[in-house]
Amino acid sequence: IQEERDCRMRSQYIDPVESFRHKIDQILEAVNRIYINQKIELSRLEKAGL
-16 IQEERDCRMR SQYIDPVESF RHKIDQILEA VNRIYINQKI ELSRLEKAGL
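Here the sequence shown stands for residues -16 to 33, numbered as in this note's numbering.
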């Protein structure tokens, strides 16, 4: 019985941790896309002389 409880507790903590990692990866990818797009836009503006 204790082993079943331990197993349930572990699964409750492991899933949120995995989900958190996935969310952090998504945030980092989004920030990276924003950064790259801004660098591209800045380069275009500099070439246009603005």
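C-beta: ideal position from N, C-alpha, C; glycine also.
Taking the alpha-carbon positions, what's the residue i to residue j distance?
| i | j | result |
| --- | --- | --- |
| C(-10) | Q21 | 47 Å |
| S26 | L33 | 10 Å |
| R4 | V14 | 15 Å |
| E(-14) | M(-8) | 10 Å |
Classify residue i as helix, strand or coil using the three-state DSSP reduction.
| i | result |
| --- | --- |
| I19 | helix |
| I(-16) | coil |
| L25 | helix |
| L33 | coil |
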